[in-house]
DNA sequence: TCGTTCATGTAACGCGTTACATGATTGC
DNA sequence: GCAATCATGTAACGCGTTACATGAACGA
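Chains as they are written, first to last, in UniProt numbering: chain A, 1 to 202; chain B, 1 to 202.
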């Protein structure tokens with residue numbers, strides 16, 4: 001077996017849930033819709049697609065003017081392979097959506113998770129948001145403690161760096177608070193996030 | 001050969017420049033002074049130390065007695081190996097400091113770079129800061145373009161995510177502007193960013 | 001004496017990239 | 001016809017982690 005990726009698997013399943021696509025297109029979407037944060041390469045994508053097919057979560061479909069991609073490939077003509085999410089694939093995606101990971105799976109890949117909130121039920125959204133918030137706050141506590149211990153020993157640049165780092169984390173916590181709040185005041189539908197205007201405290 | 005790490009190498013050389021240390025101690029420093037951002041494990045550290053010794057950039061010392069008061073403050077333990085930066089190591093570090101990398105070496109590891117600004121000359125600091133700023137602005141341009149192209153097709157959560165991402169980047173650009181400004185108004189010395197005072201090195 | 005922290009190290013794996021190889025389609 | 005882009009794929013490497021193994025000293 002190979003490539004039990006995690007993020008990539010999740011993202012692929014999520015994108016294909018909206019509509020079938022071939023690999024090339026898929027990669028472009030990964031780098032625009034989601035990919036402001038993450039940029040995957042073909043070297044990751046194609047092997048991943050293969051294993052997903054092997055698991056039965058995706059099905060290959062012939063491209064537009066060919067019947068069987070493999071057969072046409074042998075006859076010297078390259079057709080694109082369009083991937084479609086199977087019923088099992090849908091289940092799998094659902095499972096991954098719900099999964100409030102045992103590890104830091106939600107931490108590094110929070111962005112990707114968030115990108116699929118439109119597909120997610122409200123209570124899972126809440127769980128993910130609150131989970132991230134609490135981890136960030138934990139981290140913040142550590143930073144503060146560490147800073148209190150070593151403040152005098154650090155030079156000014158290091159100090160400024162830490163200050164800026166903490167500020168960023170604090171800012172994200174506030175952002176999460178807003179999101180959680182706006183989830184809480186009843187938006188059952190998968191749309192309409194907080195508010196259009198980005199006002200943030202300074 | 002193994003482990004031509006980059007960041008880790010840089011960080012180790014930089015920390016050892018201040019004072020000799022053994023691996024265990026080194027790792028702790030990596031996870032406090034710098035390590036709010038990066039946390040290295042022994043599995044990376046020890047092999048790295050070995051190759052640095054092979055290159056002649058570090059020298060191993062028996063590490064018991066009182067030649068150096070700081071490194072041996074807790075002496076009496078197991079035969080730990082204290083690493084000291086050689087003259088060649090100092091050169092190497094200098095070289096890495098100056099190196100305005102051909103790749104994204106400055107991008108992912110900007111934090112670590114910044115942490116050693118105290119050791120860095122003002123013009124190099126400027127180059128690094130401006131380099132990062134321009135890369136962030138470039139990225140910002142891409143995000144804006146991509147957003148303009150696909151705005152209608154994205155659901156609200158994705159949109160909010162991108163908005164927040166851009167805001168963060170914009171914020172960092174402003175931070176960099178302040179830093180650059182404060183470098184520009186004549187701080188020839190190796191220290192004294194925004195607030196605080198004091199001088200540690202050079 | 002027994003668990004914890006200190007201290008050093010290795011092997012295997014994870015997750016992804018770059019570089020390479022191949023061929024088809026489009027546009028000038 | 002020839003370059004650029006579309007499209008798929010593999011092999012090798014990069015950079016780091018976790019899990020494991022070892023052992024000395026400290027504290028209760």
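Note that CB positions come from ideal geometry on N, CA and C, so glycine has one too.
Consider the Cβ of residue i: report whether some Cβ of chain A lies at a distance smaller than 8 Å.
{"i": "residue 114 of chain B", "result": "yes"}
{"i": "residue 155 of chain B", "result": "yes"}
{"i": "residue 105 of chain B", "result": "no"}
{"i": "residue 118 of chain B", "result": "yes"}
{"i": "residue 57 of chain B", "result": "no"}
{"i": "residue 98 of chain B", "result": "no"}
{"i": "residue 22 of chain B", "result": "no"}
{"i": "residue 111 of chain B", "result": "yes"}
Quick one, are the C-beta atoms of residue i and residue j less than 8 Å apart?
{"i": "residue 80 of chain B", "j": "residue 22 of chain B", "result": "yes"}
{"i": "residue 183 of chain B", "j": "residue 129 of chain B", "result": "yes"}
{"i": "residue 119 of chain A", "j": "residue 140 of chain A", "result": "no"}
{"i": "residue 112 of chain B", "j": "residue 10 of chain B", "result": "yes"}
{"i": "residue 20 of chain B", "j": "residue 61 of chain B", "result": "yes"}
{"i": "residue 26 of chain B", "j": "residue 12 of chain B", "result": "yes"}
{"i": "residue 152 of chain B", "j": "residue 132 of chain B", "result": "no"}
{"i": "residue 117 of chain B", "j": "residue 125 of chain B", "result": "yes"}
{"i": "residue 58 of chain A", "j": "residue 42 of chain A", "result": "no"}
Does any residue of chain B bring its CB to less than 8 Å from the CB of residue i?
{"i": "residue 11 of chain A", "result": "no"}
{"i": "residue 150 of chain A", "result": "yes"}
{"i": "residue 161 of chain A", "result": "yes"}
{"i": "residue 15 of chain A", "result": "no"}
{"i": "residue 146 of chain A", "result": "yes"}
{"i": "residue 186 of chain A", "result": "no"}
{"i": "residue 131 of chain A", "result": "no"}
{"i": "residue 19 of chain A", "result": "no"}
{"i": "residue 32 of chain A", "result": "yes"}
{"i": "residue 51 of chain A", "result": "no"}
{"i": "residue 86 of chain A", "result": "no"}
If residue i and residue j are in contact, beta carbons under 8 Å, what's the gap, nearest whole angstrom?
{"i": "residue 110 of chain B", "j": "residue 157 of chain A", "result": "That belief does not hold up - the Cβ atoms of residue 110 of chain B and residue 157 of chain A are roughly 12 Å apart, past 8 Å."}
{"i": "residue 100 of chain B", "j": "residue 56 of chain B", "result": "Residue 100 of chain B to residue 56 of chain B, Cβ: 25 Å. No contact."}
Is it a yes or a no for the region 30–44 of chain B touching the region 83–95 of chain B, going by three-plus beta-carbon pairs under 8 Å? no
Cβ contact (3+ pairs, closer than 8 Å) linking the region 40–47 of chain B and the region 174–186 of chain A: no
Any contact of the region 52–62 of chain A with the region 10–17 of chain A, i.e. 3+ C-beta pairs under 8 Å? yes
Along the chain, which unbroken stretches of the alpha helix (DSSP H) at least 4 residues long are found entirely within the region 92–159 of chain A? 105–108, 110–115, 122–150
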